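Engineer: Can you keep this structure in mind? I'll have questions shortly.
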Amino acid sequence: RKEVEQDPGPFNVPEGATVAFNCTYSNSASQSFFWYRQDCRKEPKLLMSVYSSGNEDGRFTAQLNRASQYISLLIRDSKLSDSATYLCVGTLGAGSYQLTFGKGTKLSVIP
Amino acid sequence: DAGVTQSPTHLIKTRGQQVTLRCSPKSGHDTVSWYQQALGQGPQFIFQYYEEEERQRGNFPDRFSGHQFPNYSSELNVNALLLGDSALYLCASSYRDPGNTIYFGEGSWLTVV
Numbered sequence: 207r208k209e210v211e212q213d214p215g216p217f218n219v220p221e222g223a224t225v226a227f228n229c230t231y232s233n234s235a236s237q238s239f240f241w242y243r244q245d246c247r248k249e250p251k252l253l254m255s256v257y258s259s260g261n262e263d264g265r266f267t268a269q270l271n272r273a274s275q276y277i278s279l280l281i282r283d284s285k286l287s288d289s290a291t292y293l294c295v296g297t298l299g300a301g302s303y304q305l306t307f308g309k310g311t312k313l314s315v316i317p
Numbered sequence: 002d003a004g005v006t007q008s009p010t011h012l013i014k015t016r017g018q019q020v021t022l023r024c025s026p027k028s029g030h031d032t033v034s035w036y037q038q039a040l041g042q043g044p045q046f047i048f049q050y051y052e053e054e055e056r057q058r059g060n061f062p063d064r065f066s067g068h069q070f071p072n073y074s075s076e077l078n079v080n081a082l083l084l085g086d087s088a089l090y091l092c093a094s095s096y097r098d099p100g101n102t103i104y105f106g107e108g109s110w111l112t113v114v
């Protein structure tokens, strides 16, 4: 079982739609979680950190469920500029310094 | 304030050759990590350097080695290149605590023919 798994998509949604991405992780000792965004042939960039209490940044909401080892990202009112690959990321376990990435979910927002 | 800079941006090598990739961390950062991203995959952790020492290593063979210099810049060396080493190599820098925000460079695209 991969350490971080996410649906690769692609997700093709119309502008204005709400889209949700899900991710699961296998290491229950994993400490920190993030969503990164990666544009085609560019480097990953931090979108937001993920907390058990849930956190929101404008149109983006992230949620962590430690009991289910599940992470989600919700994008409301999708914009064309949201088209990218979204990477679910976690630290591997207690005391780990490495980020473990999922394969990414590709989103295309269509006019 | 310069971000993470990497060089070269693109290069082509032949199987069996050796390559060195370079990274300068963001100003104020002292920790450098290297990741390999194959097409269609998420980045895979190669190793991390802190205080000029390899602090943690991922599941990569010994052909992959690195170094960190006193000014915190870093090099990634890959020996005996294989076709499967073709990928985007990303350098990421941060300050000390792994919980601090990590910034990625634009990467070095390596093609092995």
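Taken in sequence, the protein lines are chains A and B.
To convert, count from 1 in the first sequence and add 206; that's our numbering.
To convert, count from 1 in the second sequence and add 1; that's our numbering.
Here a beta-carbon is modelled for each residue, glycine too, at the ideal position from N, C-alpha and C.
Nothing here was measured: the structure is a model prediction, and the numbers come from that model.
Let me know the secondary structure DSSP gives Gly85/B once reduced to three states.
Structural biologist: Helix, per DSSP.
Engineer: Could you pull the start and end residues of the beta strand (DSSP E) that Phe266/A belongs to?
Structural biologist: Phe266 to Asn271 is the span of the beta strand (DSSP E), which, as asked, contains Phe266/A.
Engineer: In the DSSP assignment, the beta strand (DSSP E) including Glu76/B goes from what residue to what residue?
Structural biologist: From DSSP, the beta strand (DSSP E) with Glu76/B extends over Ser75 to Val79.
Engineer: Using a Cβ distance threshold of 8 Å, determine whether the stretch 292–300 of chain A contacts the stretch 240–247 of chain A, with at least three qualifying pairs required.
Structural biologist: Touching, yes.
Engineer: Could you tell me which residues DSSP puts in a beta bridge with Ile47/B?
Structural biologist: None; Ile47/B has no bridge partner.
Engineer: Which residues in chain A have a C-beta closer than 8 Å to the C-beta of Glu52/B? List them in chain order.
Structural biologist: Those within 8 Å of Glu52/B in chain A number zero; the least Cβ separation is about 13 Å.
Engineer: My guess is that Gln212/A and Asn228/A are in contact by the Cβ rule of under 8 Å, so how many angstroms apart are they, rounded?
Structural biologist: Right, their Cβ atoms sit about 7 Å apart.
Engineer: Should Leu270/A be flagged as near chain B, meaning a C-beta pair shorter than 7 Å?
Structural biologist: It does not; no Cβ of chain B falls within 7 Å.
Engineer: Residues of chain B with a CB under 9 Å from the CB of Gly308/A: which are they?
Structural biologist: Correct list: Gly43.
Engineer: Between the stretch 8–23 of chain B and the stretch 104–114 of chain B, do at least 3 Cβ pairs fall closer than 8 Å?
Structural biologist: The answer is yes - the stretch 104–114 of chain B touches the stretch 8–23 of chain B, with three or more Cβ pairs under 8 Å.
Engineer: Can you confirm whether Leu279/A, when its beta carbon is compared against all beta carbons of chain B, has any partner nearer than 7 Å?
Structural biologist: For Leu279/A, the answer is no, since every Cβ of chain B falls outside 7 Å of its Cβ.
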